[in-house]
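These notes concern the structure reproduced below.
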Amino acid sequence: MHSLSRRSIRQLKDVVLPSEGVQLLVSNDMDELLSIVADDKRKELQIFAGEVVRFGSQCKDPQWHNLDRFFEKYRREPTPQRQLREEAELMMEQLMTLVQYTAELYHELHTLDKIEQDYQHKHLENGKSNASQKGNGLTILAAELKSQKKIVRNLKKKSLWSRSLEEVMDKLVDIALFLNREIDNMSGSADPNSEKKHSLGSKLRLGPAGLDLHYANIILQIDSIVARSSSMPPNARDTLYQNLPPNIKFSLRSKILSFHVKEQLTVTEIKAEMEKTLQWLVPVAIITAKAHHGFGWVGEWANPGSESNRRSVASVDVIQIETLYHADKQKSEAYILDLILWLSYLVAQSNATLNGGRMRSLVKPPECSSPDIADQQPTQISAADQGMLQENNQSTKAESVEQK
């Protein structure tokens with residue numbers, strides 16, 4: 049409900065959706081973006097509604113049975129019921145108060161169990177002792193036990209413990225219906241079968257393809273290498289290139305041979321070019337990695353960045369559209385490929401500077417902030433790059449054969 053508050057919706061429309069990451073990777077059409085967010089919210093609501101249906105089936109009163117049919121009918125044919133936001137927020141506040149008292153109740157029940165065990169243990173000890181050896185320990189424990197039982201009784205009255213399932217169901221159903229209306233209001237009256245939505249759905253997105261965390265890790269690896277280009281571990285670029293998807297590896301060979309700059313740039317100038325993309329792309333990658341960690345999705349790619357990563361993201365609740373989940377695969381790969389080309393040039397220039405040498409004058413392509421790379425005259429690349437390109441070319445061919 050918090051994410052559908054007026055303040056959150058205003059933040060969504062004024063800050064989140066107009067951000068560079070969303071505009072450049074997902075879409076620059078606000079109606080499409082709102083439709084995507086609404087679809088995400090409906091999926092979240094579907095999980096909540098599923099739990100409400102499950103609770104309803106456990107009620108004795110048959111009016112709460114088969115709520116799945118009721119919700120489906122309401123979704124297809126919404127009735128013009130009017131429910132004030134203040135009423136829904138009040139119901140939610142009441143439920144959250146009950147939840148808080150319930151959590152306290154179970155904590156105090158645990159304490160009560162411990163005191164009872166101590167009391168029983170002390171009682172057995174005193175039974176084996178002489179009357180003269182008995183102290184007031186048992187009396188103190190008895191007083192503590194009495195006090196704790198009183199605390200538990202009071203919390204049971206204030207918590208869900210004393211509420212009937214039917215009483216809670218009434219509030220849960222009303223909240224589910226209210227949230228459904230709020231989602232519809234947020235997305236407007238857009239036709240779910242509109243041509244725009246079909247066009248948007250036809251694009252391959254990183255999240256549904258299971259690539260969002262993989263690509264986030266690649267972006268963070270690039271940023272880490274750029275941050276320490278003068279003291280980069282020997283295997284850093286090897287690891288990066290090995291982790292690239294086959295289609296990026298395939299494009300890299302031809303692109304790197306035709307990558308040029310108009311005039312020789314210093315290391316600082318090259319980093320400035322890369323920063324035009326990294327300054328908005330890296331935060332998206334960080335949020336993506338943190339989102340996967342938050343949901344317990346760990347594994348090979350679950351690495352939000354090394355200590356060398358010099359960017360931070362505010363610790364706030366994020367929504368899926370702020371991550372790489374809905375990012376267009378083709379656009380994302382174009383930006384990553386562009387960064388890798390600049391990274392190769394950065395490393396070569398860094399090595400030349402350290403060795404006191406100079407690089408040949410090259411021809412400059414479009415800025416790093418654009419995903420379109422122009423093919424021009426071949427340029428000189430390092431022996432290390434040549435070796436990696438050959439290895440990657442061979443591995444790409446091998447992967448293609450395996451896929452066949």
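Mind the numbering: the sequence shown is residues 49 to 452 in this note's numbering, read in order. Yeah, the Cβ is synthetic: ideal placement off N, Cα and C, and Gly gets one too.
Identify whether residue 58 lies in helix, strand or coil by the three-state DSSP scheme. Residue 58 sits at position 10 when you count from the first residue of the sequence shown. Looking at residue 58 - three-state DSSP - the assignment turns out to be helix.
C-alpha distance - residue 229 paired with residue 120, whole-angstrom precision: Position 181 of the sequence shown, counted from the start, is the residue given in the question as residue 229. Position 72 of the sequence shown, counted from the start, is the residue given in the question as residue 120. Those two C-alpha atoms are separated by around 13 Å.
If you measure between the beta carbons of residue 72 and residue 270, is that distance less than 7 Å? In the sequence shown, the residue the question calls residue 72 occupies position 24. In the sequence shown, the residue the question calls residue 270 occupies position 222. No. Outside cutoff.
Taking DSSP's pairing of strands, which residues face residue 253 in a bridge? Taking the first residue of the sequence shown as 1, we reach residue 253 at position 205. According to DSSP, residue 253 bridges with 376.
Indicate whether residue 481 and residue 188 have their beta-carbon atoms separated by less than 7 Å. Absent from the structure is residue 481, since the part of the chain shown begins at 49 and ends at 452.
Closer than 6 Å by C-beta to residue 333: which residues in its own chain qualify, once you throw out the five before and the five after it? Chain order, please. Along the sequence shown, read from residue 1 onward, the residue named residue 333 stands at position 285. The answer, listed in chain order, is 264, 267 and 268.
Can you give me the C-alpha to C-alpha distance between residue 137 and residue 308, rounded to a whole angstrom? Counting from 1 along the sequence shown, the entry for residue 137 is found at position 89. Counting from 1 along the sequence shown, the entry for residue 308 is found at position 260. Going by the C-alpha atoms only, they are around 59 Å apart.
What separation, rounded to the nearest whole angstrom, lies between the Cα atoms of residue 371 and residue 317? Locating residue 371 in the sequence shown gives position 323, counting from the first residue. Locating residue 317 in the sequence shown gives position 269, counting from the first residue. Whole-angstrom Cα-Cα distance: 29 Å.
Between residue 86 and the rest of its own chain, which residues show a CB-CB distance below 7 Å, the 5 nearest in sequence each way excluded? In the sequence shown, counting from the first residue as 1, residue 86 sits at position 38. Once the five neighbours on either side are set aside, the close Cβ partners of residue 86 are 231, 234 and 235.
Contact check, residue 394 vs residue 279, beta carbons under 7 Å: Position 346 of the sequence shown, counted from the first residue, corresponds to residue 394. Position 231 of the sequence shown, counted from the first residue, corresponds to residue 279. No, the Cβ-Cβ distance between residue 394 and residue 279 is not below 7 Å.
Taking the Cβ atom as the reference point for each residue, do residue 385 and residue 304 lie within a distance shorter than 7 Å? Indexing the sequence shown from 1 puts residue 385 at position 337. Indexing the sequence shown from 1 puts residue 304 at position 256. Their beta carbons are not under 7 Å apart, which means residue 385 does not touch residue 304 by this criterion.
Leaving aside the five residues before and after residue 196 along the sequence, list all residues of the same chain whose C-beta is less than 8 Å from its C-beta, in chain order. Within the sequence shown, residue 196 is the residue found at index 148, counting from 1. Excluding positions up to five away in sequence, the list reads 156, 159, 160 and 163.
Residues in the same chain with beta-carbon distance under 8 Å from residue 113, minus the five sequence neighbours each way, listed in chain order, please. One-based indexing of the sequence shown puts residue 113 at position 65. These residues qualify, in order along the chain: 104, 105 and 107.
What does the alpha-carbon distance come out to for the pair residue 57 and residue 207? One-based indexing of the sequence shown puts residue 57 at position 9. One-based indexing of the sequence shown puts residue 207 at position 159. The straight-line gap from Cα to Cα measures roughly 32 Å.
Helix, strand or coil, according to DSSP, for residue 72 in the structure here? As a first step, residue 72 is located in the sequence shown; it is residue number 24 there, counting from the start. Helix at residue 72.
Put residue 20 into one of helix, strand or coil per three-state DSSP. With the chain running from 49 to 452 in the structure shown, residue 20 is simply not present.
Grab me the residues of residue 51's own chain with a C-beta within less than 8 Å of its C-beta, minus the 5 sequence neighbours each way, in chain order. Here residue 51 refers to the residue found at position 3 of the sequence shown. So the qualifying residues of the chain are 89, 365 and 367.
Can you check which of these residues, 99, 260, 396 and 83, is closest to residue 337 by C-alpha distance? Here residue 337 refers to the residue found at position 289 when the sequence shown is read from its first residue. Checked all of 99, 260, 396 and 83; the closest Cα to residue 337 is 260.
Since I believe residue 82 is in contact with residue 74 (beta carbons under 8 Å), could you give me their beta-carbon distance rounded to a whole number of angstroms? Counting from 1 along the sequence shown, the entry for residue 74 is found at position 26. Counting from 1 along the sequence shown, the entry for residue 82 is found at position 34. Actually they are not in contact, since the Cβ atoms of residue 74 and residue 82 sit about 12 Å apart, beyond 8 Å.
Spatial neighbours of residue 109 within its chain, please: CB distance less than 7 Å, with the 5 preceding and 5 following residues excluded, ordered by chain position. Here the question's residue 109 lines up with position 61 in the sequence shown. If we look at residue 109 and ignore the five residues flanking it on each side, its Cβ neighbours are 214.
Cutoff 6 Å; reference residue 185; Cβ partners in own chain excluding five residues on either side: Looking up residue 185 in the sequence shown gives position 137. 170, listed in sequence order.
Between the C-alpha atoms of residue 132 and residue 153, what's the straight-line distance to the nearest angstrom? The residue you call residue 132 lines up with position 84 of the sequence shown. The residue you call residue 153 lines up with position 105 of the sequence shown. So the two alpha carbons sit approximately 32 Å from each other.
Using CA coordinates, which residue listed in 291, 310 and 100 is at the minimum distance from residue 220? Here residue 220 corresponds to residue number 172 of the sequence shown, with the count starting at 1. Ranking the options by Cα distance to residue 220, first place goes to 100.
In three-state terms, what does DSSP make of residue 140? The residue you call residue 140 lines up with position 92 of the sequence shown. Three-state DSSP puts residue 140 in a helix.
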